[in-house]
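K.L.:
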């Protein structure tokens, strides 16, 4: 009789496991469009056995649910996050190059090259008639246009650099917000799983946060036996179980106006970010160039984008100004009334002439003070011709040797174009790798409605069959108890 009543447990367990299976299937279907959701599966195992007839043979007591597990592949998660980190870095660089190309408006726009060409042409026109006030007015007009363009480009590059610095601060705060949430979810997962349950939905939320964090900075993730995570960057803990370490945007050296990611605890340590959006922002922005910084030739092959470009353009502008001023001071004004003065002057005399700190000499408001001749005679075009010919002389140092001003500027534009093309090409290729990794992840963790509908039917029929067994057993016991032995009464 014990075996007979044990059959009720078999039917009951069958109804229970199929009900749990239906619950998991319904949960999967309801979250089919939830970002980052991993499908869940009820793992069914056989129930315990009982011995019958003194242990001569055993009868099983049905089925049980071992766990409701996530279907997820940790290796693919790691691959996705590694590729996402690289993608974040190159996307940031590509965007910066795109902004720079818009600022420079080269080669098809009305950028610095066109303004320079017009400036040199105006001196060529002046050399044809050195005493012409019209030609002199054209020189001053073209020079004013050149000065405006140089200062405008400098102002826009400064603004871009400050915007990148501000975005860096925002991204650092985003990292802190994500690490706080991960630490909180660690605690929640520990609470749930300490009762031998599975915190699958909390784990999904945590994985979504890790995916986003991996695009911001390079991270290493370690899951401990209790289900909590440790997240590190460059060997420093950002998250350890229920605690997170904030990073802050601080000046690396006194007097800096640009931010560097620093650890709050221990204080004063720079976070060694190697990739991701934050690394892309750091390299795109580059270093702060103080107005007092001397302008000289140096190796401009740094990975820093904006600051490197500003140094090269400052070097170009400063060299052009020096050559023109030297020639302009060597001649005489119209009518041989006085010696020539600097053609260009700094807006702030305390700082070197560079983008944002250049203007025409105030004395050039009098067109007679534009020096075209060495002697001051009306027909002498010596100085104007020499200035016009500066564009053809190799006067500026480059890593390949001496170049003309035009060739040097074209090498700058070529470098920007090549850098932008490389960043776009790599980011597009990297995006394909990220999409491929995500596709592989989704093939495992994603919800398939066809599969879930098939499971729904399977669990529905299983539940109905178990219920039917329960009814049959009920009728059988009723017959045995209430109807057997009444024949002949």
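Residue numbers (the working numbering): 81 to 569.
Glycine included, every Cβ here is placed at the ideal spot set by N, Cα and C.
Owing to the predicted nature of the structure, the values given are computational and were not obtained by experimental measurement.
Whether or not the region 293-302 and the region 250-259 are in contact is what I'm after, with contact meaning three or more pairs of Cβ atoms, one per stretch, closer than 8 Å; do they touch?
P.N.:
yes
K.L.:
List the DSSP bridge partners of residue 377.
P.N.:
BP columns for residue 377 are empty, so no partner.
K.L.:
Return the residue from the list 312, 468, 533 that minimises the CA-CA distance to residue 453.
P.N.:
468
K.L.:
Should residue 241 and residue 155 be called a contact, given that it needs their Cβ atoms to be closer than 9 Å?
P.N.:
No.
K.L.:
Taking the alpha carbon of residue 434 as the point to measure from, which residue in 400, 310, 479, 126 has its own alpha carbon closest?
P.N.:
The candidate whose alpha carbon is nearest that of residue 434 is 400.
K.L.:
Which runs of the beta strand (DSSP E) spanning at least 3 residues fall entirely within the region 415-502, listed in chain order?
P.N.:
For the beta strand (DSSP E) assignment, the uninterrupted runs of no fewer than 3 residues enclosed by the region 415-502 are, from N- to C-terminal side, 476-478, 481-483.
K.L.:
Rank 190, 109, 102 by C-alpha distance to the C-alpha of residue 530 and give the top, closest one.
P.N.:
109
K.L.:
In whole angstroms, what separates the C-alpha of residue 358 from that of residue 490?
P.N.:
Straight through space, the alpha carbons of residue 490 and residue 358 are spaced by roughly 30 Å.
K.L.:
What residue from 120, 221, 340 has the CA that sits closest to residue 250's CA?
P.N.:
For the options 120, 221, 340, the alpha carbon positioned closest to that of residue 250 is the one of 340.
K.L.:
Relative to the C-alpha of residue 236, which residue among 393, 515, 494, 316 is closest?
P.N.:
393
K.L.:
Quick one, which of 367, 544, 136, 347 has its alpha-carbon nearest residue 389's?
P.N.:
Considering only 367, 544, 136, 347, the residue with the shortest C-alpha distance to residue 389 is 367.
K.L.:
Could you check how far apart the C-beta atoms of residue 526 and residue 119 are, in whole angstroms? I think they sit under 8 Å.
P.N.:
7 Å
K.L.:
What number of angstroms, rounded off, separates the C-alpha of residue 381 from the C-alpha of residue 275?
P.N.:
58 Å
K.L.:
Taking 7 Å as the limit between beta carbons, can you name the residues of its chain near residue 474, skipping five residues before and five after?
P.N.:
482, 483, 484
K.L.:
Give the DSSP-derived three-state secondary structure of residue 279 in the structure shown.
P.N.:
coil
K.L.:
Thinking C-beta only, is residue 193 closer than 9 Å to residue 438?
P.N.:
no
K.L.:
Looking at residue 365: is its Cβ nearer than 9 Å to the Cβ of residue 244?
P.N.:
yes
K.L.:
On the premise that residue 103 lies in contact with residue 385, defined as a C-beta separation below 8 Å, what is that separation, rounded to the nearest angstrom?
P.N.:
Not confirmed; about 54 Å, so no contact.
K.L.:
Roughly how many angstroms lie between the CA atoms of residue 548 and residue 159, to the nearest whole one?
P.N.:
The straight-line gap separating the alpha-carbon atoms of residue 548 and residue 159 is approximately 48 Å.
K.L.:
Let's test the definition: count the other Cβ atoms within 10 Å of the Cβ of residue 353 and tell me whether it reaches 16, buried, or not, exposed.
P.N.:
buried
K.L.:
Give the straight-line distance between the Cα atoms of residue 537 and residue 98, rounded to the nearest whole angstrom.
P.N.:
10 Å
K.L.:
So is residue 131 buried or exposed if we call it buried at 16+ other beta carbons inside 10 Å?
P.N.:
exposed
K.L.:
Buried or exposed: residue 503, going by 16 or more other Cβ atoms within 10 Å of its Cβ?
P.N.:
buried
K.L.:
Can you find the residues in the same chain that come closer than 8 Å, C-beta to C-beta, to residue 124, ignoring five residues on each side of it along the sequence?
P.N.:
97, 101, 143, 144, 145, 146
K.L.:
Is the distance from the Cβ of residue 173 to the Cβ of residue 495 below 9 Å?
P.N.:
no
K.L.:
Hey, how far is the Cα of residue 324 from the Cα of residue 149?
P.N.:
28 Å
K.L.:
Rounding to the nearest angstrom, what Cα-Cα distance links residue 546 and residue 555 in this structure?
P.N.:
Rounded to the nearest angstrom, the two C-alpha atoms are 14 Å apart.
K.L.:
Whose C-beta lies closer than 6 Å to the C-beta of residue 462 among residues of the same chain, with five residues either side of it excluded?
P.N.:
453, 454
K.L.:
Can at least three beta-carbon pairs, one atom from the region 206-216 and one from the region 301-319, be found at a separation below 8 Å?
P.N.:
No, because fewer than three Cβ pairs between the region 206-216 and the region 301-319 fall closer than 8 Å, the two stretches do not touch.
K.L.:
Between 356, 328, 335, which has its C-alpha nearest residue 343's C-alpha?
P.N.:
328
K.L.:
Give every residue of the same chain whose Cβ lies closer than 7 Å to the Cβ of residue 270, excluding the five residues on either side of it in the sequence, and list them in chain order.
P.N.:
306, 307, 308
K.L.:
If we call anything under 9 Å between Cβ atoms a contact, is residue 169 one with residue 387?
P.N.:
no
K.L.:
According to DSSP, what are the bridge partners of residue 342?
P.N.:
328, 350.
K.L.:
If I'm right that residue 441 touches residue 422 with Cβ under 8 Å, what's the distance once you round it to whole angstroms?
P.N.:
5 Å
K.L.:
Would a C-beta distance cut-off of 9 Å place residue 428 and residue 371 closer than the cut-off?
P.N.:
yes
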